[in-house]
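> Shown below is the structure under consideration.
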Amino acid sequence: MKAETQLFLNQLSLSTDAKQAAIVDNCRFDERVNSSRWGKFEDRLLNPLEPDWEDWKEVEKLNYEDTVTVLRSSIPDSFLDLNRTAWLQGIVTNRTVVRLEHLERLFKKENLGFDELKGLINSKRPDEKKRLETVMENWNNIRDGRPTFAAFYDEVKAEADHADWQHQLRDRLGLGHYGSNKGVEIPVALMRYSLDEVITASKAKTIPCAFALPTVLDGGMHEFFFPVPKAHAYGATLHLAPDQADTLTAEMLHYRIDYRPEHLWKVAWINSPHSVTDDGRLRDARDLHLIALQEAANRPDFGQAMEGRK
Numbered sequence: 000m001k002a003e004t005q006l007f008l009n010q011l012s013l014s015t016d017a018k019q020a021a022i023v024d025n026c027r028f029d030e031r032v033n034s035s036r037w038g039k040f041e042d043r044l045l046n047p048l049e050p051d052w053e054d055w056k057e058v059e060k061l062n063y064e065d066t067v068t069v070l071r072s073s074i075p076d077s078f079l080d081l082n083r084t085a086w087l088q089g090i091v092t093n094r095t096v097v098r099l100e101h102l103e104r105l106f107k108k109e110n111l112g113f114d115e116l117k118g119l120i121n122s123k124r125p126d127e128k129k130r131l132e133t134v135m136e137n138w139n140n141i142r143d144g145r146p147t148f149a150a151f152y153d154e155v156k157a158e159a160d161h162a163d164w165q166h167q168l169r170d171r172l173g174l175g176h177y178g179s180n181k182g183v184e185i186p187v188a189l190m191r192y193s194l195d196e197v198i199t200a201s202k203a204k205t206i207p208c209a210f211a212l213p214t215v216l217d218g219g220m221h222e223f224f225f226p227v228p229k230a231h232a233y234g235a236t237l238h239l240a241p242d243q244a245d246t247l248t249a250e251m252l253h254y255r256i257d258y259r260p261e262h263l264w265k266v267a268w269i270n271s272p273h274s275v276t277d278d279g280r281l282r283d284a285r286d287l288h289l290i291a292l293q294e295a296a297n298r299p300d301f302g303q304a305m306e307g308r309k
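Per numbering that gives the first Met the number 0, the very first residue in the sequence shown carries number 0; after that it's consecutive.
Right under this line is the structure:
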């Protein structure tokens, strides 16, 4: 990262807008993005010597569109040599992972209703099994090639098996964009599959690496992401219950796979907002999370608390 960029980010980190300060902090704290990848981002700035916030947001949007939400036939930067410093290698691939998927786009594209999809899951009727296969094929066709965030099932089993799994997992996995307002209604699916299936998909594509560690440039810059010290084994989600933000749940990125009917575990509605809905709670959650990261990695020098910042 250029000195001018560092100065710009350090100045903005003093913002009274907690969301803006959090996004800036993520860029300041991330130790996994190498100079080449930052350089690719900075080269898009209109004036790299004197960046401004509006230009930064526009470049972030362009970077996200061009290097993250790529066509399904392309490979996102996460798995290219450009991101080698954040590759996740030597992972045990016989483990099961889970992730939440937003279903609204699928419903509109397929003219499909929530109750219909719920009824297709685990149906034994041949016609309904065939219908679900078609739904999954069509879903794969409209999904792009962005890297997939996932968590280990055995680590979040209590939440995944809970009757209120959709809210429990939303909070534990730090999915703040899934319901921050009252009156929210978001249809979601819980997907479950083996990392061995990711390996199979990546071999067919012959990509450099199938797994990576999450960075600030991989999922769109937002306040609910939090980078980790370089030596930390995985990413660590920011729990959306502020008093539980010291829970460090492992997350990773993997290469896109095509979903099959057996990957679709269950569906539900997210209809309650999470708790990190104001500046004070965001600061509290991030500061507690930071302390946990510092202790886990024995890195008291990592990051900077938001409280008392001047």
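Ideal Cβ placement from N, Cα and C applies to all residues, glycine included.
Keep in mind it's a predicted model, so treat the numbers as computed, not measured.
1. For L287 and P241, I'd like the C-alpha separation in whole angstroms.
2. Could you tell me the boundaries of the beta strand (DSSP E) in which H101 lies?
3. Quick one: grab the DSSP three-state call for K181.
4. Quick check on the DSSP output: the alpha helix (DSSP H) that includes L11 runs from which residue to which?
5. Enumerated in chain order, which unbroken segments of the alpha helix (DSSP H) with a length of 4 residues or greater are wholly contained in the stretch 50 to 96?
6. Let me check one thing: in DSSP terms, what residues is T236 bridge-paired to?
7. With DSSP as the reference, please indicate the residues paired to H253 in a beta bridge.
8. Beta carbon of R145, beta carbon of P75: below 8 Å?
9. Classify D29 as buried or exposed, calling it buried when 16 or more other Cβ atoms lie within 10 Å of its own Cβ.
10. Here's a check: name, in chain order, each residue in its chain whose Cβ is nearer than 6 Å to the Cβ of T236, leaving out the five neighbours to either side.
11. Is the CB-CB distance between E222 and L289 below 8 Å?
12. When you compare the CB positions of V134 and E100, do they come within less than 8 Å of one another, or not?
13. Of all the options R71, S35, D65 and K18, which has the alpha carbon lying nearest to the alpha carbon of W52?
14. Taking the CB atoms as reference points, tell me whether T147 and H253 lie closer together than 8 Å.
15. In terms of DSSP beta bridges, what is W321 paired with?
16. Just how far apart, CA to CA, sit D278 and E306?
17. To the nearest angstrom, how far is the alpha carbon of A21 from that of R130?
18. Please classify S73: is it buried, with 16 or more other beta-carbons within 10 angstroms of its beta-carbon, or exposed?
19. Using a Cβ-Cβ cut-off of 8 Å (strictly less than) and excluding sequence neighbours within five positions of V266, which residues of its own chain qualify?
20. Pull up the DSSP beta-bridge partners for A188, would you.
On the basis of the supplied data:
1. By one-based count along the sequence shown, residue 287 stands at place 288. By one-based count along the sequence shown, residue 241 stands at place 242. For L287 and P241, the distance between alpha carbons rounds to 8 Å.
2. Reading the sequence shown from its first residue, position 102 is the one you call residue 101. From DSSP, the beta strand (DSSP E) with H101 extends over T95 to H101.
3. The residue you call residue 181 lines up with position 182 of the sequence shown. In this structure, K181 counts as coil in the three-state DSSP scheme.
4. The count along the sequence shown starts at 1 and reaches residue 11 at position 12. Note, L11: alpha helix (DSSP H), A2 to L11.
5. 52 to 66
6. Taking the sequence shown and counting its residues from 1, the one referred to as residue 236 is at position 237. Per DSSP, T248.
7. The residue you call residue 253 lines up with position 254 of the sequence shown. Per DSSP, T147 and F210.
8. As a position in the sequence shown, residue 145 is number 146, starting the count at 1. As a position in the sequence shown, residue 75 is number 76, starting the count at 1. Yes; because the gap between Cβ atoms is below 8 Å, this pair is in contact.
9. Counting from 1 along the sequence shown, the entry for residue 29 is found at position 30. Result: buried.
10. As a first step, residue 236 must be located in the sequence shown, where it is residue number 237. For T236, where only same-chain residues beyond five positions count, the Cβ hits under 6 Å are L172, G173, T248 and E250.
11. The residue labelled residue 222 in the question sits at position 223 within the sequence shown. The residue labelled residue 289 in the question sits at position 290 within the sequence shown. The answer is no: Cβ separation not under 8 Å.
12. Working through the sequence shown from its first residue, we reach residue 134 at position 135. Working through the sequence shown from its first residue, we reach residue 100 at position 101. Their beta carbons are not under 8 Å apart, which means V134 does not touch E100 by this criterion.
13. Here residue 52 refers to the residue found at position 53 when the sequence shown is read from its first residue. Taking only the C-alpha atoms, the option nearest W52 is K18.
14. Residue numbering aside, residue 147 sits at position 148 when the sequence shown is read from its first letter. Residue numbering aside, residue 253 sits at position 254 when the sequence shown is read from its first letter. Cβ atoms of T147 and H253: closer than 8 Å.
15. There is no way to answer for residue 321, as the model of the chain reaches only from 0 to 309.
16. Here residue 278 is taken as the residue at index 279 of the sequence shown, counted from 1. Here residue 306 is taken as the residue at index 307 of the sequence shown, counted from 1. One C-alpha to the other measures close to 11 Å.
17. As a working mapping, residue 21 is identified with position 22 in the sequence shown. As a working mapping, residue 130 is identified with position 131 in the sequence shown. Spanning the two alpha carbons is a distance of roughly 44 Å.
18. On the sequence shown, residue 73 is found 74 positions in, with the first residue counted as 1. Exposed.
19. Here residue 266 corresponds to residue number 267 of the sequence shown, with the count starting at 1. If we look at V266 and ignore the five residues flanking it on each side, its Cβ neighbours are L102, F113, L116, K117, I120, P186, V187, A188 and L189.
20. Looking up residue 188 in the sequence shown gives position 189. A188 pairs with E100 and V266.
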